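Below: the structure, in structure tokens.
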Amino acid sequence: MWRAGKVSVIDYEKGIVRCTFPDTSEQSGELVVLMGRTTGRTDYSMPELDEVGPCLLDKNGNGFYLGSGYTKAFLKPTEGGKDIEITKFKDGSLVEFNAENSTFRIYSKNKITIEAENKILLKSKLIEVDGPLTAKGIIKSMTDVVAKTVSLIKHVHSGVQGGPSKTGGPE
6 MWRAGKVSVI
16 DYEKGIVRCT
26 FPDTSEQSGE
36 LVVLMGRTTG
46 RTDYSMPELD
56 EVGPCLLDKN
66 GNGFYLGSGY
76 TKAFLKPTEG
86 GKDIEITKFK
96 DGSLVEFNAE
106 NSTFRIYSKN
116 KITIEAENKI
126 LLKSKLIEVD
136 GPLTAKGIIK
146 SMTDVVAKTV
156 SLIKHVHSGV
166 QGGPSKTGGP
176 E
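With my numbering as the guide, the letters of the sequence shown map in order to residues 6 to 176.
This is the structure in structure tokens:
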């Protein structure tokens, strides 16, 4: 049997919820939250308190919370649409994939951290940084580095003299 239930208890460790049924005010037993995948690549996304969705129940009131959908009371995010999949968070941060033009967009209200045990490879025909860039540690380049028009490898200095004098700037 299925019933519409409102999430009233969340157990984040077990991945279960309990729902209250508005027509009777009864509370369900433990309901496993339906996730996209649980083997290999896994998904984890628990509902919010008071979220309403269908519950699939056995005769003891246990079963599955199937998720929720968009209604007049719970509008879909405006960013989503045909060929656009998004995950939007409470603070407005989002992850978006546009299948029409094969692009990803990640937006964070704060900071994005990318970590790797071994190395991070950025591979593209062009990598642009729009904003100030700060780096800690050693920066290595297997080829040249050019700032404005001055090559780190091929530049020359003017005013070269022997002894303790200083040279001019790089050209």
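Note that beta-carbon positions come from the ideal geometry of N, C-alpha and C, so glycine has one too.
Predicted model only: the values in this text are computed from it and were never measured.
Buried or exposed: which applies to residue i, given that a residue is buried once 16 or more other Cβ atoms fall within 10 Å of its Cβ?
| i | result |
| --- | --- |
| residue 42 | exposed |
| residue 68 | buried |
| residue 97 | exposed |
How many angstroms separate the CA atom of residue i from the CA atom of residue j?
| i | j | result |
| --- | --- | --- |
| residue 33 | residue 80 | 26 Å |
| residue 83 | residue 104 | 17 Å |
| residue 117 | residue 106 | 24 Å |
| residue 174 | residue 162 | 6 Å |
| residue 170 | residue 153 | 26 Å |
On the DSSP letters alone, give me the boundaries of the beta strand (DSSP E) that residue i sits inside.
| i | result |
| --- | --- |
| residue 103 | 99–103 |
| residue 93 | 89–93 |
| residue 25 | 21–25 |
| residue 16 | 7–16 |
| residue 108 | 108–112 |
| residue 37 | 36–38 |
**Asked** Hey, which unbroken runs of the beta strand (DSSP E) at 3 residues or more fall wholly within the segment 51–85?
**Response** Listed in chain order, the complete beta strand (DSSP E) runs (minimum 3 residues) inside the segment 51–85 are 57–62 and 68–70.
**Message:** Three Cβ pairs or more, each shorter than 8 Å: is that satisfied between the segment 8–25 and the segment 51–59?
**Reply:** yes
**Request:** Examine the Cβ distances between the segment 140–151 and the segment 111–129 and report whether three or more of them are shorter than 8 Å.
**Result:** no
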